[in-house]
Amino acid sequence: MKRFTCLSLFPEIIRASALSSIGGRAVERGLYELEFIQIRDFAVNEYGKVDDALYGGGVGMLMMAEPVFQSVTKAKDDFRQIHGEGREKLIYLSPRGRVLDQQKARELSELDHLILLCGHYEGVDQRVLDECEAEELSIGDYVLTGGELAAAVLIDVISRMLPGVLPSDEAWQKESIASGLLEEPQYTRPAEWRGRAVPELLLSGHAARIEAWRQHAALDLTLERRPELLTKLPMTHEEIKAWLEAREQKTKASLPLLPGEQMKKGEKAN
Ligand code: ADE
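Structure (structure tokens):
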């Protein structure tokens, strides 16, 4: 990704997120560019008109095709002046779109230029979306006041995948849902806090066992909260078997002993 261009009536909403913290440093370091185009700069009259009532009636106002079209054209021209031809896509943030996930973000991160169109009010005239071949993308099944927060989410998700943005390029791939699993519980000092102890194994220094514990804890949590994610996992047969065995052992260990199963002196529970 070389550049994100946001087309918006309220660019400050996106700026506040995308230029803070890691994203702000990444832009300063030139890892990608973040540009903003104020759609009102292409208003249809001297009063800054960019929206109008719906044909056929209905509540609210719709963003007009021409100011949006001009904004898209400027975004493309500006990119071309600096970078020449590139793989480019116009995304219209909208609850009608396909819902964003990590895989989609990864695909978009391969492009050179993403133009993010943020609608406000009731939306945008359909003709400009068709003319510019916009792809609609949603960040979830709920309705926001405008596309700006959704654009900020998209920039955040994609930018942290770009080379050099995170301290280690593998960092994001290991995290939570990016690996296909929910992240396992994590702990930092102190080893005991308000009577709650860190799982002992994590203090053992046994790297291989800790890694297995982490993977199994992530699988347990995913099974409990988002079982549908497990069907998409590229796990080997052996890995699944090891996890299921570990689960069985844990379940056994937590069950009360049956009569005749009394632990002998000196015997250890597993
Ligand atoms: N604009 C309004 N609601 C939205 C959503 N859920 N996702 C993306 N853009 C939106």
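Residue numbers for the sequence shown follow the numbering used here, so the first one is 157 and each next one is one higher. We put the beta carbon where it would ideally sit given N, CA and C, even for glycine. For clarity, every value in this text was computed on a predicted model and none was experimentally measured.
Relative to the ligand ADE, is the shortest distance from any of its heavy atoms to the C-beta of ARG306 smaller than 6 Å?
-> Position 150 of the sequence shown, counted from the first residue, corresponds to residue 306. According to the sequence displayed, residue 306 carries Ala and not Arg. At least one heavy atom of the ligand ADE is nearer than 6 Å to the Cβ of ALA306, so yes.
For VAL284, collect the residues of the same chain with a Cβ closer than 7 Å to its Cβ; drop the 5 residues on either side in sequence, then sort them by chain order.
-> As a first step, residue 284 is located in the sequence shown; it is residue number 128 there, counting from the start. If we look at VAL284 and ignore the five residues flanking it on each side, its Cβ neighbours are ALA221, VAL224 and PHE225.
State the CB to CB distance for the pair GLU244 and LEU267, rounded to an integer number of angstroms; the pair is presumed to be in contact (CB under 8 Å).
-> Reading the sequence shown from its first residue, position 88 is the one you call residue 244. Reading the sequence shown from its first residue, position 111 is the one you call residue 267. Yes, they are in contact, since the Cβ atoms of GLU244 and LEU267 sit about 7 Å apart, within 8 Å.
Say yes only if the C-beta of PRO251 is nearer than 6 Å to one or more non-hydrogen atoms of the ligand ADE, and no if none qualify.
-> As a position in the sequence shown, residue 251 is number 95, starting the count at 1. At least one heavy atom of the ligand ADE is nearer than 6 Å to the Cβ of PRO251, so yes.
Is DSSP giving ILE396 helix, strand or coil here?
-> Residue numbering aside, residue 396 sits at position 240 when the sequence shown is read from its first letter. Helix.
Quick one: what does DSSP say SER324 is sitting in, helix, strand or coil?
-> In the sequence shown, the residue the question calls residue 324 occupies position 168. Of the three classes helix, strand and coil, the one that applies to SER324 here is coil, per DSSP.
With respect to 6 Å, is the separation between the Cβ of GLY303 and the closest non-hydrogen atom of the ligand ADE below this value?
-> Position 147 of the sequence shown, counted from the start, is the residue given in the question as residue 303. Because some heavy atom of the ligand ADE lies under 6 Å away, the Cβ of GLY303 counts as near it: yes.
beta-carbon ILE295 near the ligand ADE non-hydrogen atom, thresh 6 Å | Within the sequence shown, residue 295 is the residue found at index 139, counting from 1. True, at least one ligand heavy atom lies under 6 Å from that Cβ.
So does VAL200 have its beta carbon nearer than 6 Å to some heavy atom of the ligand ADE?
-> To locate residue 200, count along the sequence shown from 1; it is residue 44. Every heavy atom of the ligand ADE is 6 Å or more from the Cβ of VAL200, so no.
Which listed residue (TRP399, GLN405, LEU385 and THR407) has its alpha carbon closest to that of GLN259 | One-based indexing of the sequence shown puts residue 259 at position 103. When each option's Cα is compared against that of GLN259, the closest is LEU385.
Hey, quick one: how far does the beta strand (DSSP E) through LYS388 stretch, first residue to last?
-> For this step, residue 388 is matched to residue 232 along the sequence shown. Counting along the chain, LYS388 falls outside any beta strand (DSSP E), and DSSP gives it neither H nor E.
With respect to 6 Å, is the separation between the Cβ of VAL299 and the closest non-hydrogen atom of the ligand ADE below this value?
-> For the purposes of this step, residue 299 is taken as the residue at position 143 of the sequence shown. It does: the Cβ of VAL299 is within 6 Å (strictly closer) of some heavy atom of the ligand ADE.
Rounded to a whole number of angstroms, what is the C-alpha to C-alpha distance between ARG196 and ALA334?
-> Walking along the sequence shown from the start, residue 196 turns up at place 40. Walking along the sequence shown from the start, residue 334 turns up at place 178. Across the structure, ARG196 and ALA334 are spaced so that their CA atoms are roughly 37 Å apart.
Under 7 Å between C-beta atoms of VAL299 and MET219 | As a working note, residue 299 is residue 143 in the sequence shown. As a working note, residue 219 is residue 63 in the sequence shown. Cβ atoms of VAL299 and MET219: not closer than 7 Å.
C-alpha distance - GLY213 paired with ARG252, whole-angstrom precision = For this step, residue 213 is matched to residue 57 along the sequence shown. For this step, residue 252 is matched to residue 96 along the sequence shown. Each residue's Cα considered, the two are about 20 Å apart.
Supposed close pair LEU338, THR392 - CB separation, criterion 8 Å | The sequence position of residue 338 within the sequence shown is 182, counting from 1. The sequence position of residue 392 within the sequence shown is 236, counting from 1. About 20 Å separates the beta carbon of LEU338 from that of THR392, a gap too long to meet the 8 Å contact definition.
Contact belief for LEU293 with LEU310 at Cβ below 8 Å, rounded distance in angstroms | Taking the sequence shown and counting its residues from 1, the one referred to as residue 293 is at position 137. Taking the sequence shown and counting its residues from 1, the one referred to as residue 310 is at position 154. Correct: roughly 7 Å between the Cβ atoms.
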